[in-house]
Amino acid sequence: MTNDRTTAPVAAIWRGGEPVYDRGETVCVIGAGASGLTTIKNLRAQGFAVDCYERETSVGGGWNPRNGRSPALTSTHPITSRACTQFPDFPMPDDWPDYPSHAQLLSYLERYADHFGVREHIWFGTEVVRVQPAGPEPGGAGGLGAATGLAGTSSAASSRWDVTISGQRGGSSRIMRYTAVVVANGHHTVPNQPSYEGLAGFQGKVVHSADYQGPGQLRGKRVLVVGAGNTGCEIAVEAAGVAAGCWHSSRRGYWYIPKYVNGWPADQMGVRLQTARMPRWLRSRLAARVVRRTGGDLTRFGLPAPDHEVLRTHPIINSQLTYQIGHGGIVPVPEVARFGRTEVTLTDGRVIDPDIVVFATGYVPTFGFLPADVLGPDPAGHLRLRWHLLSPDHPTLAVVGLIQPETNLLACVHWQSVLAAKWLRALDTSEQRAREVLARHGADDHRRYTATAVCDSPRHTFEVNHLVYLRALERALNELEAVN
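The structure is reproduced here in structure tokens:
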């Protein structure tokens, strides 16, 4: 732990024989990536003291490839353009390219941290091991810590949180008590490992995209990339330039949207159409026409035809996939049926013999430090969060960044964190009225906030349309302003 504190916490409470160090009205933030940085800044703007715990030794989260568990590749560029990537209160330099590199994104987050002075609130090299509702304590707690659960079942103490932290490489642990917790460590931490018949006996190399080290890992090898999302397409394109051969497996057909339309970044064109209040059906029709004109008939390239409208899945932004297919660098193939010792059988009966298989199959949204029932998942595993942000049963727990907008992610997480900070302040100043605001949105637990219906799949659990979602956050903020 590298940070000094002007006032050292005092262990006046014990839990299970362990001392608990009470941080009073301080808020705990987990993670110092983009979501964590803006959360610290906006909590500080509302007057809260903040302790942020980051298990790595620097800021940046997923955009810092120096962090051993970052999913970012050294060759990664965002799929959204600069204007649709930046924070609303901290623009990127005008002379940067339309699609900045991962190194530029990292430097941007580092400058954001320095500009808003958030580093002094971060404990680097410190991992959160466990987050639990605080146990009973004599006399209860005052201020924000006295907030009760909306269901009326939480005691005064249970709305505070005991956070167990540990230094790197098995360092000593300590329990810290906080008035609130904001989870902002992202959901790209636990790889989604698919299961196939015979996979355990396959003699070739198998890696998940989380462990992919760049095109050098594929040089001269026969490569099978499984997964047709943005990451899978990027890896397949990289393999096309260095591998002896590359097969790209997808379960279904997708629309592949180019990065530029009429010389402008595609997402900026989409935002213009949305802000002009163009009807959804017309935007979908125009988008399909643009994709067809730029990419043509995808089945001609051996890709399966999309079985859905162009705006009904998270956008696949890639201008090079069909180019590489057309030049023979990538061979599209259907889903994997089973693995043999050295071969892979596909669902169409073809047999291929890759040296290395890369599973670009996404991540499982898991927060291992929280008890399984705290976020209240339903039988389908969906988390019960108002505005994809606030726990209805634990009013002092928020999750920032658990969304997947088609563009403008940093704008969305900025306003998420503003709402979380103002919600916690409203709990402190007018708890009953704040609870009424949250209760009025009880039916919003599973709302998608999409401009059109999206495919019902785990991949789209957190899908939102950024304008629809930002308008919902704006309405909630206006309600909270009335409370304060």
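Be aware that the sequence shown starts at 646, since it is given in our numbering, and climbs by one per residue.
Even glycine gets a Cβ: it sits at the ideal position worked out from N, Cα and C.
As the structure is a computational prediction, the values presented were derived from the model and not from experiment.
Inter-residue Cα distance where the pair is residue i and residue j
i	j	result
His893	His722	20 Å
Gly1013	Gln1049	20 Å
Val763	Val981	47 Å
Trp596	Ile997	The structure shown does not extend to residue 596, since the chain is modelled only from 646 to 1129, so the question has no answer here.
Glu883	Thr876	11 Å
Arg775	Val808	6 Å
Leu1118	Lys866	48 Å
Ala786	Glu670	Residue confidence is low: Ala786 scores 43 on pLDDT, short of 50, so the model does not pin down where it sits. Its coordinate-derived value is still stated next. Approximately 10 Å, taken between the alpha carbons.
Glu1108	Tyr1094	8 Å
Phe984	Gln848	10 Å
Pro745	Asp739	11 Å
Arg819	Asp667	11 Å
Val1082	Gln1061	16 Å
Glu954	Phe761	42 Å
Ala1017	Gln777	11 Å
Arg945	Ile970	10 Å
Ser804	Leu991	52 Å
Val704	Arg995	46 Å
Trp900	Thr1052	16 Å
Arg1116	Gly886	43 Å
Gly676	Tyr698	6 Å
Leu918	Leu943	25 Å
Trp806	Ala825	6 Å
Pro903	Leu1030	34 Å
Thr834	His747	18 Å
Lys686	Arg1085	28 Å
Nearest candidate by alpha-carbon position, reference residue i, set the options
i	options	result
Val868	Glu988, His953, Val773 and Val936	Glu988
Ile975	Gly662, Thr967 and Val981	Thr967
Val827	Asp998, Val1044 and Pro924	Val1044
Trp768	Gln838, Leu1083, Cys673 and Asn963	Cys673
Asp696	Tyr823, Leu1054 and Arg819	Tyr823
Arg896	Arg689, Ala758, Ala1071 and Pro977	Pro977
Cys891	Pro999, Asn709, Thr702 and Ala1056	Pro999
Trp741	Gly859, Asp856 and Arg727	Arg727
Asp734	Leu1055, Asp1073 and Thr1074	Leu1055
Ile724	Thr702, Ile658 and Ser964	Ser964
Gly947	Leu931, Gly898 and Ile962	Gly898
Pro664	Gly940, Ala748, Leu943 and Ile810	Ile810
Ala888	Pro860, Pro910, Tyr901 and Val835	Pro860
Thr1074	Leu1125, Leu1047, Leu1112 and Leu1035	Leu1125
Leu1072	Phe693, Lys686, Val916 and Gly941	Phe693
Ile1145	Tyr841, Met737, Met821 and Arg756	Since the first and last residues shown for the chain are 646 and 1129, residue 1145 lies out of range.
Sheet register partners of residue i (DSSP bridge)
i	result
Ala825	Val672
Val1128	Answer by DSSP bridge pairing: none, since Val1128 is not bridged.
Glu699	Phe769
Pro949	Answer by DSSP bridge pairing: none, since Pro949 is not bridged.
Arg775	Thr809
Tyr1008	Pro836
Ala1043	Val827 and Leu1035
Gly898	Pro951
Simplified DSSP state of residue i, which is helix, strand or coil
i	result
Gln1049	strand
Trp741	coil
Gly974	coil
Ile820	strand
Trp1032	coil
Pro979	coil
Arg660	strand
Ala884	helix
Asp942	coil
Glu1119	helix
Ser726	coil
His853	strand
Ser811	strand
Arg867	strand
Trp806	strand
Ala796	Caution applies to Ala796, whose pLDDT of 34 falls short of 50 and renders its modelled position unreliable; the value that the coordinates give is listed next. If DSSP states are grouped into helix, strand and coil, Ala796 belongs with coil.
Trp1173	Because the chain is modelled from 646 through 1129, residue 1173 falls outside the range shown and cannot be assessed.
Gly890	strand
Ala679	helix
Thr990	strand
Glu954	coil
Ala873	coil
Pro1017	It should be pointed out that residue 1017 corresponds to Ala in this sequence rather than to Pro. The answer is coil: DSSP assigns Ala1017 none of H, G, I, E or B.
Thr841	The residue asked about is misnamed: residue 841 is Tyr in this sequence, not Thr. Reduced to three states, the DSSP call for Tyr841 is coil.
Asp734	coil
Val916	helix
Tyr666	strand
Val1002	strand
Val1113	helix
Self-check item: Touching by the beta-carbon criterion (3+ pairs, under 8 Å), the segment 1051-1067 and the segment 844-860
Solution: They do not touch, by the three-pair rule.
Check whether the segment 673-684 and the segment 827-847 are in contact - that is, three or more C-beta pairs closer than 8 Å. yes
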